[in-house]
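To start, the structure itself, in structure tokens.
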Amino acid sequence: MRFLKFLKWYFKTFASFLFLIFLVSALPGTAISALSHLSEKHVNVQYPGEYVYVTFYQRPVKTPIVSVENSNFSVSYSNVQSYLGERYTYFEKPAFLLGDAEKALAKAGYNGTIYVPVVIGPLGVLLPANGSTSGPDCIILGNQSVKKGTYMYRPNIYKSASSVSFPLARVKIESVQHVTNVSPALLPLAAFMKANGIKCIASGKFFESIITTANLSPDLSNLLVYGFLLASPDKINLTTLYQSLYSEFSPHGYYPQLYVLKPGFVKAVLYPPRKADYWKNLWGGFLVFLPALPLIWFVMVRERREEEKLRKLLMTSGGNPLMIDLLTLFFVGVAVLLILLFVGNSYGTAMLVMLAVLFALRYYGLGIKVSAKAKKVAYWVAVVASTFAFVVSSLYWLSSGPYGLASKITADIAYVLAFPFKAINDLMFNLVWGAIFLYLPWISGAILTSLILLGFFSRSRKSTWRITARITSLTLAVMIIFALFSGVVFSSSIAWLYGSTSAGNLGATIVVSMNSPPFTLNSTKQRVELAEFMESYNALIEAVKQNGGDYGTVWNVGEAVHSEGMTEVALGSVSAYGPSLIHYLESARKRCRDARWLYALLKENHGEAITYPHFLKKVQHNGSVMKFTVASAYASSQTTIGVRYRIVHSNVPIGGDVLLPLDVARNHNLTALPDTVLVYGGENVLKAIEAVHRKYPREFTYISVESGVKHIFSTFLKRSVALPFGVSALLIPSIGLVLGVRDGGELRRRKRLFEALSISRGELLLPLVAFLPLAFVAIPMLRDAYDFYSLGFVHSVGGFVFLAAPLLGLILAPILYIASVWRCLR
2 MRFLKFLKWY
12 FKTFASFLFL
22 IFLVSALPGT
32 AISALSHLSE
42 KHVNVQYPGE
52 YVYVTFYQRP
62 VKTPIVSVEN
72 SNFSVSYSNV
82 QSYLGERYTY
92 FEKPAFLLGD
102 AEKALAKAGY
112 NGTIYVPVVI
122 GPLGVLLPAN
132 GSTSGPDCII
142 LGNQSVKKGT
152 YMYRPNIYKS
162 ASSVSFPLAR
172 VKIESVQHVT
182 NVSPALLPLA
192 AFMKANGIKC
202 IASGKFFESI
212 ITTANLSPDL
222 SNLLVYGFLL
232 ASPDKINLTT
242 LYQSLYSEFS
252 PHGYYPQLYV
262 LKPGFVKAVL
272 YPPRKADYWK
282 NLWGGFLVFL
292 PALPLIWFVM
302 VRERREEEKL
312 RKLLMTSGGN
322 PLMIDLLTLF
332 FVGVAVLLIL
342 LFVGNSYGTA
352 MLVMLAVLFA
362 LRYYGLGIKV
372 SAKAKKVAYW
382 VAVVASTFAF
392 VVSSLYWLSS
402 GPYGLASKIT
412 ADIAYVLAFP
422 FKAINDLMFN
432 LVWGAIFLYL
442 PWISGAILTS
452 LILLGFFSRS
462 RKSTWRITAR
472 ITSLTLAVMI
482 IFALFSGVVF
492 SSSIAWLYGS
502 TSAGNLGATI
512 VVSMNSPPFT
522 LNSTKQRVEL
532 AEFMESYNAL
542 IEAVKQNGGD
552 YGTVWNVGEA
562 VHSEGMTEVA
572 LGSVSAYGPS
582 LIHYLESARK
592 RCRDARWLYA
602 LLKENHGEAI
612 TYPHFLKKVQ
622 HNGSVMKFTV
632 ASAYASSQTT
642 IGVRYRIVHS
652 NVPIGGDVLL
662 PLDVARNHNL
672 TALPDTVLVY
682 GGENVLKAIE
692 AVHRKYPREF
702 TYISVESGVK
712 HIFSTFLKRS
722 VALPFGVSAL
732 LIPSIGLVLG
742 VRDGGELRRR
752 KRLFEALSIS
762 RGELLLPLVA
772 FLPLAFVAIP
782 MLRDAYDFYS
792 LGFVHSVGGF
802 VFLAAPLLGL
812 ILAPILYIAS
822 VWRCLR
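So the sequence shown is numbered by this note's numbering: it starts at 2 and just counts up by one.
Next up, the structure:
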């Protein structure tokens, strides 16, 4: 009976303490559970379309079509080799001219993408036929990495069978797009690259500089290759394809063999079975559990007074105070053991070890008492750090200039804050890093505002404000460190959806690449092809406008060239922009910083060509006007022009080496062809583009954010991941509620004293406004998430609400804290 009475007293005294310990043990546990399941590799690999690698042998093959099901598949590729002669005589066996293969592919009705693996210095690179000269220089799929900088290589340039040169060429990689969330459609491409040591898909100025230095045409028709990869969004008629290739190449003694990449190959390369890394998981568990430590420590310190009272009572009644420690450890152990049902042994070990160390420090004489001076130092360090982060990130996001020091510092701050997730899962690390980077002004601004308000109330002349501020100061620190951090982590997936339309592609939801073949207009067929090409562009623009979309076009003018005797050397590509792009950027600047910078650059530009220092070195210029020859994008004519120019030192996200206003190009009798169309619109716009594409399948290709949405939903709405994320939406506000009850109890004791002095309850509550800024962090995230939802790419309302639930928890945590304190003082 005495024990039961003691147990009842124990629960009455330590109920909120035990509940808090459970919460702060459970929330990291849910995070670890979700992350560990995100790390699991997919078992079923499915993807649309078909990927086929084509190569040739100099003897007939027994099996012309081979299904590749395992990882033991590699291809040979070499340095870039171009042929400038009129007709290739197959002197460099077993190489063949890609243009001859493209003729056979056209006869077979193939309308997908062609990739050619080549070596650029130390890099394995995929060159896409008719690749884009705008956008990032290098596209990386998965967890590969590429160093930015200058790469040197020697292309083999054949003028004939007996004339070959090996010039030293330099190409640069200045911008990289790292696609970590590889969509199902790109899985075979990622597997092919990984299996063959290929790091990068060439694009932008990197692609342009390769074809320029190697004297290649944009469609790579004069490239000598040993094989190429076909990537089709639809199924390929392999029999027709083989027969067409056989008819084209067998007269030259070349016999095709088709390697069809199957799901087994993708699974074997991308998701090989491997043993769990126990020590890595253990270290990851420590890192993810770190944000919970301040709250656990705070809870232990706050209960010290009640604990000491209970200890003295037990000693005076002949009991053993050790019973308190045993009971507390028992209940905390139960909480952790419950978490072990969701997480692996290594994560659970990390949690148990950290809790054991904390209890040892707390209960056995090694507790650290923080002095008032140390608290003051910590406060000012936090104020200075949050001020610095707020100022730098705000300068970056509000400015319209190119990337500079502010962008680098903002990215570094986000990297440091997201670093704990680096040891666990690259996917989650990139999501958290992106969310922090995108909303750092709001996060740091909320923390700074809360700290300033807390400092104001704690130094106020009113004793009621000072008492409330000092009682709630540790709670505010805990809410900042734990609830805010956890809220951002759990809401990073929903933040990524909006970021996909703001961080990349100049705020476009759909990017259309026009597949313009090289028109020379010397035949009726080519004139018909040009008319059909422009007809497809006009139909595309009309479909976008009719469905309420916004668009901007980047135009291809041609190439800047220089004649050296009988040889024509390409100096760089020439692009143009018109009113449609400026109009598009004017609306896109509200959601994309790159668009804001580019809009300012183009809006202030008055008839000048925008170019780079490296291009100026190749042409004649006098400080204000440069002169160069342009080979037309559609005709065999050349025009020498002189235009005023302005130099930019940062990479412009669109265009080539020279970016002209469209009216300037027309004034110099240069006619441009559409190259890239940036489109912002919802699902209805995407369906309209799909309808136009079915009518003109060979004229353009497109990508949209819809594939990324499907990937996020399929990843985060798996039961093993969704359950912990859903639990977090309840646990985060629960922490605010229980902390409010504890602080309300402390303030209630002061309330009786102040009521005797005729001081109202409102004076005790006013300092709690310091918690409100923490609730505002989630508001811009929810606003942006709703903006993305309104586009129509999200088909599951329940799934969207589920992913957004942690944001609601982040808003509710400080509000419930204030409400529970208010109720205690009522």
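Cβ atoms here follow ideal geometry from the backbone N, Cα and C, with glycine treated the same way.
In its own chain, which residues sit with a C-beta less than 7 Å from the C-beta of residue 249, not counting the 5 before and 5 after it? 101, 104, 105
Need the endpoints of the beta strand (DSSP E) that residue 646 sits in, please. 639-648
Measure the C-alpha to C-alpha separation of residue 186 and residue 50 and round it to an integer number of angstroms. 7 Å
Validate contact between the region 769-783 and the region 445-452 using beta carbons, cut 8 Å, 3 pairs: yes
Do residue 496 and residue 782 have their CB atoms nearer than 8 Å? yes
Suppose contacts are defined by Cβ-Cβ distances below 8 Å. Is residue 693 in contact with residue 544 by that definition? yes
Residue 751 and residue 444 - do their beta-carbons sit closer together than 8 Å? no
Work out the CA separation of residue 739 and residue 828 for me, nearest whole Å. Any property of residue 828 remains undetermined from this structure, which presents the chain solely from 2 to 827.
If you draw a straight line from the alpha carbon of residue 80 to that of residue 732, how long is it in whole angstroms? 57 Å
Nearest to residue 586 by CA position, among 662, 804, 507, is which residue? 507
Member of 190, 442, 802 whose CA lies at the smallest distance from the CA of residue 268: 190
Extent of the continuous beta strand (DSSP E) to which residue 51 belongs: 51-58
Close Cβ partners of residue 138 (< 6 Å) along its chain, the five nearest in sequence each way excluded: 174, 175, 176, 205, 206, 207
Give the secondary structure of residue 244 by DSSP, where H, G and I count as helix, E and B as strand, and everything else as coil. helix
Residue from 393, 437, 263, 826 with nearest C-alpha to residue 232: 263
Cutting at 8 Å between CB atoms, please list the residues of its own chain near residue 72, excluding the five before and the five after it. 196, 266, 269, 270, 273
Ends of the alpha helix (DSSP H) at residue 144? That residue, residue 144, is in no alpha helix (DSSP H); it is neither H nor E in DSSP.
Could you spell out the range, first to last residue, of the beta strand (DSSP E) harbouring residue 157? 157-159
Is the region 645-664 in contact with the region 607-622, if contact means three or more CB pairs nearer than 8 Å? yes
Whole-angstrom distance between residue 143 and residue 43, CA atom to CA atom: The predicted position of residue 43 is uncertain, since its pLDDT is 46 and thus under 50; a value taken from the coordinates is nonetheless stated next. Rounded to the nearest angstrom, the two C-alpha atoms are 14 Å apart.
From the DSSP output, in three-state form, read off residue 93 for me. coil
In chain order, which beta strand (DSSP E) runs of at least 3 residues are fully inside the region 444-504? none
From residue 165 to residue 141, what distance separates their C-alpha atoms? 33 Å
Are there 16 or more other CB atoms within 10 angstroms of the CB of residue 539, so buried, or fewer, so exposed? exposed
Should residue 257 be labelled buried (16 or more other beta-carbon atoms within 10 Å of its own) or exposed? buried
If contacts are defined as beta-carbon pairs under 8 Å, then residue 550 and residue 686 qualify, I think. What distance do you get, rounded to the angstrom? 4 Å
On the criterion of 16 or more Cβ atoms from any shown chain inside 10 Å, does residue 616 qualify as buried, or is it exposed? buried
Rounded C-alpha distance that separates residue 790 from residue 684: 10 Å
At 4 residues or longer, what runs of the alpha helix (DSSP H) sit wholly inside the region 574-630? 580-589, 594-604, 614-617
So who's on the other strand from residue 98, going by DSSP bridges? 225
Sheet register partners of residue 825 (DSSP bridge): Paired residue(s): none; residue 825 is not in a bridge.
Quick check: residue 571 and residue 558, are their CB atoms within less than 8 Å of each other? no
Taking the alpha-carbon positions, what's the residue 418 to residue 434 distance? 8 Å
Which runs of the alpha helix (DSSP H) spanning at least 4 residues fall entirely within the region 177-222, listed in chain order? 188-196, 205-214
In whole angstroms, what is the alpha-carbon distance linking residue 52 and residue 230? 7 Å
Can you tell me where the alpha helix (DSSP H) holding residue 150 begins and where it ends? Premise fails: residue 150 lies in the beta strand (DSSP E), 150-154, not in any alpha helix (DSSP H).
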